[in-house]
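Peer 1: Below is a structure I'd like to ask you about.
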Amino acid sequence: VVYDKRIAQEGPADGLGDEWKGYVFKISGGNDLQGFCMMQGVLTNQRVRLLFKKGMPGYRQRRKGERKRKSIRGCIVDSRLSVLDLVVVKRGEQEIPGRTDTTQPRRLGPKRVGKIRKLFNLSKEDDVRQYVVHRPLPEKDGKKARTKGPKIPRLVTPAR
């Protein structure tokens with residue numbers, strides 16, 4: 034079904050079983066049998082050693098100007114993968130129990146002022162602090178229910 038496809042290519046999910054009929058998925062990555070991750074743009078189905086530098090995915094620079102040769106896997110799918118990451122692009126005829134029948138709400142809301150204003154469509158005059166998304170904390174025995182929300186950085190208020 035997915036052999037010889039590359040990362041970011043879409044394909045029908047009919048080959049995964051009858052319950053996936055009509056679904057379309059997109060390949061977003063994966064790992065080979067030894068755990069080396071696939072990398073977009075490396076057009077092979079084998080493992081290669083690339084010279085990584087600052088800003089490349091899968092590499093964090095430890096010293097200024099440092100480069101490092103690391104093993105990664107190409108972006109073409111074949112049988113030597115242990116994990117293949119797929120994203121559902123289009124839903125099919127029926128729901129998949131435990132996958133598409135429920136929606137998980139985002140656990141955390143935005144933290145920055147501009148992003149909170151954009152989410153709730155606020156003007157400059159509105160008080161952003163009233164719209165911060167708080168998450169409930171687990172209750173302790175005999176105590177009042179508490180919530181926790183993010184501190185808003187660089188917030189300009191009338192006090193300062």
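Residue numbers (this note's numbering): 34 to 193.
Where is the CB? At the ideal position from N, CA and C, for every residue including glycine.
May I ask which residues mark the beginning and end of the beta strand (DSSP E) holding residue 123?
Peer 2: Looking up residue 123 in the sequence shown gives position 90. Where residue 123 is concerned, the enclosing beta strand (DSSP E) stretches over 114-123.
Peer 1: Using the DSSP secondary-structure output, state which residues sit across from residue 20 in a beta bridge.
Peer 2: With the chain running from 34 to 193 in the structure shown, residue 20 is simply not present.
Peer 1: On a Cα-Cα basis, can you pick out the residue from 73, 85, 129, 152 that is closest to residue 51?
Peer 2: The sequence position of residue 51 within the sequence shown is 18, counting from 1. Nearest C-alpha to residue 51: 129.
Peer 1: If you run the structure through DSSP and keep just helix, strand and coil, what is residue 131?
Peer 2: By one-based count along the sequence shown, residue 131 stands at place 98. It is coil, neither helix nor strand.
Peer 1: Quick check on the burial criterion: 16 or more other C-beta atoms within 10 angstroms. Buried or exposed for residue 56?
Peer 2: The residue given as residue 56 occupies position 23 in the sequence shown. Answer is buried; the Cβ neighbour count reaches 16.
Peer 1: Using DSSP's beta-bridge definition, name the partner residues of residue 85.
Peer 2: For the purposes of this step, residue 85 is taken as the residue at position 52 of the sequence shown. For residue 85, which the question treats as bridged, DSSP gives the partners 101.
Peer 1: Give me, in chain order, the residues of the same chain whose beta-carbon lies closer than 6 Å to that of residue 204; leave out the 5 immediate sequence neighbours on both sides.
Peer 2: The shown model of the chain, from 34 to 193, leaves out residue 204, and the question about it has no answer.
Peer 1: At what residues does the alpha helix (DSSP H) containing residue 147 begin and finish?
Peer 2: Within the sequence shown, numbered from 1, the residue matching residue 147 stands at position 114. That run of the alpha helix (DSSP H) goes 146-153.
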